[in-house]
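Residue numbers (the numbering used here): 481 to 748. Worksheet for the structure shown next.
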């Protein structure tokens, strides 16, 4: 639990002394000092008072290390965005539009992926990216295309262009869906999601290539999520289909059939 360290961090961020903050909470300064140094555990009423004072939910105060937040993330949290479980839900995505006022699809090439890590929220950087349109995509959604590298998502090959739909509410992502995820440690990654945000505050990211091991990413270490829509490549797939590919195809077919059955039951 991070309440103790978050309490000290938030107080100092506001430029408050222990005396000033204890007065605001209507407790004694030594009591506040004990809370900040883990000598004693604050009561629920104190936790709620701190939550109200800073405008941050008790859940976040307890479970998220606010010391690791970037200034941008913290500003979004203060605006009311629950980035712990839902991502930057209230954030206005930095985007570009054409002369017809319709959304463009920005293109993030392999060469500029490193710069995207620091520039994804910078309007000047985003406006410098190449843009294009795909007429078969929905007009009321936001899309962006990323060039992937490596062989962790084979049979989708190295160098393929993967288009994703911007997702605001990360809890809406279903386990098993493929997404492009912008992470603090690994930058842009294209993976299959196991969504454990509500239960543990994590995504588990897996590759299609079984040679690559799954790994966890905390919700607080994620900046953007783009749900897979389609990919484009100039690579001609090999004629021989591996056992792994056949198994994945069968699993997808079973999933599609189950979903179809469910839809039919709803209509009965």
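Glycine included, each C-beta is placed from N, C-alpha and C at the ideal position.
Would residue i be called buried (16 or more neighbouring beta carbons within 10 Å of its own) or exposed?
i           : result
residue 621 : exposed
residue 572 : Since pLDDT at residue 572 reaches only 47, below the 50 mark, its modelled position is unreliable, and the value read off the structure follows with that caveat. Residue 572 is exposed by the Cβ-count criterion.
residue 568 : Low confidence applies here, because residue 568 scores a pLDDT of 44, under 50, leaving its location unreliable; read the following figure in that light. Residue 568 should be labelled buried.
residue 727 : exposed
residue 577 : exposed
residue 608 : exposed
residue 536 : buried
residue 524 : exposed
residue 491 : buried
residue 540 : buried
residue 624 : buried
residue 678 : exposed
residue 512 : buried
Check whether the Cβ atoms of residue i and residue j sit closer than 7 angstroms, and answer yes or no.
i           : j           : result
residue 465 : residue 706 : A question about residue 465 goes unanswered here, because the residues of the chain that appear run from 481 up to 748.
residue 520 : residue 509 : no
residue 546 : residue 489 : yes
residue 681 : residue 654 : no
residue 528 : residue 483 : no
residue 635 : residue 715 : no
residue 574 : residue 640 : no
residue 544 : residue 700 : yes
residue 695 : residue 685 : yes
residue 487 : residue 515 : yes
residue 632 : residue 554 : no
Which one or two residues does DSSP pair with residue i in a beta bridge?
i           : result
residue 704 : 662
residue 685 : 673 and 695
residue 627 : 641
residue 667 : 663
residue 587 : 625
residue 712 : 641
residue 616 : Residue 616 pairs with nothing; no bridge assigned.
residue 611 : 586
Using a Cβ-Cβ distance cut-off of 7 angstroms, determine whether residue i contacts chain D.
i           : result
residue 678 : Looking for chain D here will not work: only one protein chain is present.
Report task. Count the CB pairs spanning the segment 575-590 and the segment 729-743 that are closer than 8 angstroms, and state whether there are at least three. Result -> Contact between the segment 575-590 and the segment 729-743 is absent, because fewer than three Cβ pairs lie under 8 angstroms.
Query - Unbroken stretches of the alpha helix (DSSP H), 4 residues or longer, contained in the segment 496-521 - result: Taken in chain order, the complete alpha helix (DSSP H) segments of 4 or more residues contained in the segment 496-521 are 498-505 and 509-516.
Query raised in the report: Between the segment 697-716 and the segment 654-674, are three or more C-beta pairs nearer than 8 angstroms?
Result: Touching, yes, given that three or more Cβ pairs across the two stretches are closer than 8 angstroms.
Query raised in the report: Does the segment 632-651 come close enough to the segment 661-677 that 3 or more CB-CB pairs lie under 8 angstroms?
Result: yes
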